[in-house]
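Everything on this sheet refers to the single structure shown next.
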Amino acid sequence: MASGTLPSVAEHPQVTAFKRRQKVKRGALVLIALAFSALVMGVPVAAIFARAFQEGVAVYWTNIVEPDTLYAIWLTVLTALIVLPINIVYGVAVAWLITRYRFPGRRVLLTIIELPFSISPIVAGLCYLLIYGGTSVIGSWADEWNIQLMFNLTGIVLVSLFVTCPFVARELIPLMQVSGKDQEEAALTLGATGWQTFRHVTLPNIRWALLYGAILANARVMGEFGAVSVVSGNIRGETMTLPLQVQLLYDDYNATGAFAAATVLTLIAVITLVLRSLIEARHPHRH
808 MASGTLPSVA EHPQVTAFKR RQKVKRGALV LIALAFSALV MGVPVAAIFA
858 RAFQEGVAVY WTNIVEPDTL YAIWLTVLTA LIVLPINIVY GVAVAWLITR
908 YRFPGRRVLL TIIELPFSIS PIVAGLCYLL IYGGTSVIGS WADEWNIQLM
958 FNLTGIVLVS LFVTCPFVAR ELIPLMQVSG KDQEEAALTL GATGWQTFRH
1008 VTLPNIRWAL LYGAILANAR VMGEFGAVSV VSGNIRGETM TLPLQVQLLY
1058 DDYNATGAFA AATVLTLIAV ITLVLRSLIE ARHPHRH
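Residue numbering for the sequence shown follows my numbering, beginning at 808 and increasing consecutively.
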């Protein structure tokens, strides 16, 4: 060995053996993770499509265009179209209030925002039925004006708002806390109105987090089952959203129809996952 040259650490037999063991462990962990993911998530998703198309594309399509299923798809989309804009407005307003002002009850409001994640959707549906049902004070008053709050679209929208209202706010609050309000105050100092400040300063900074939260809320409202099943009345062709329609078809021993409808929900979930991944890849540090 030449004078002044130290032996390479990587060439030491113990180091080589250690690296080999680490490589084997890493490979084993990867295989376990992949196998578990495939077993728990990949295989069930593939099974949905396999069962839906088992009797052929024609039978699959016949089940998809069945009137009750089409109505369930339409009702689900309509619910999302109503709930999502309200969620966006509510999420932005609450995030603005919490991050820009200090007021008594601020921590209580933060806790209330998290409440839908702590309460079972079925329990939430029962609560809404208790408060807005025909036997309640509010429900009785509404009946006097021929207004029905439960067992129709109104009830579905109300419980959907409850289970989805935290998503947008939870995405915006951390981001708006980090970004601060210096730019907004500077814009106001320069003569901008509140709307101009929001449109040209605040919105560009939060748009990706806002979109991210909206995507998650949309996926949840389209896939909600528990709360909706309580307040909808499960009226065939009237208050059956797509998740309820899947359950109804399966209970009617129409497995092909149930799995065909389930593929629509699965596609919504996959599209949501892809959109979320694209946003995370483009803005990995949005928080």
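Glycine included, each C-beta is placed from N, C-alpha and C at the ideal position.
Note that the structure is predicted; figures quoted are calculated from it, not measured.
Would you give the residue range spanned by the alpha helix (DSSP H) that residue i belongs to?
i     : result
N1041 : Premise fails: N1041 is in no alpha helix (DSSP H) and is neither H nor E.
W1015 : L1010 to G1030
E1087 : A1062 to R1089
A949  : V944 to E951
E978  : P973 to S986
A993  : D989 to T996
G1001 : G1001 to T1004
Apply the 10 Å Cβ neighbour rule to residue i and answer buried if 16 or more other Cβ atoms are within range, or exposed otherwise.
i     : result
V816  : Per-residue confidence for V816 stands at a pLDDT of 49, beneath the threshold of 50, marking its modelled position as unreliable; the derived number appears in the next sentence. Classification for V816: exposed.
G1001 : exposed
I880  : buried
Y1060 : exposed
V953  : In the sequence as presented, Val is not what sits at residue 953; that position holds Asn. Answer is exposed; the Cβ neighbour count stays below 16.
In three-state DSSP terms, what is residue i?
i     : result
G912  : coil
Y1057 : helix
W903  : helix
Q861  : coil
Q955  : coil
V822  : helix
From residue i to residue j, what distance separates their C-alpha atoms?
i     : j     : result
P820  : Q829  : 14 angstroms
L888  : T823  : 60 angstroms
G1033 : R1014 : 31 angstroms
S844  : L882  : 33 angstroms
P874  : R1083 : 32 angstroms
L1017 : L979  : 6 angstroms
Y878  : G1044 : 6 angstroms
Q861  : A1065 : 13 angstroms
V930  : V1038 : 11 angstroms
L1056 : A1062 : 7 angstroms
F1005 : A900  : 11 angstroms
V1028 : S1036 : 13 angstroms
- Should the segment 891 to 899 be regarded as contacting the segment 969 to 978, the criterion being three or more beta carbon pairs within less than 8 angstroms? yes
- Item | Stretch pair the segment 956 to 970 + the segment 932 to 945: three plus CB contacts closer than 8 angstroms | Contact between the segment 956 to 970 and the segment 932 to 945 is present, because at least three Cβ pairs lie under 8 angstroms.
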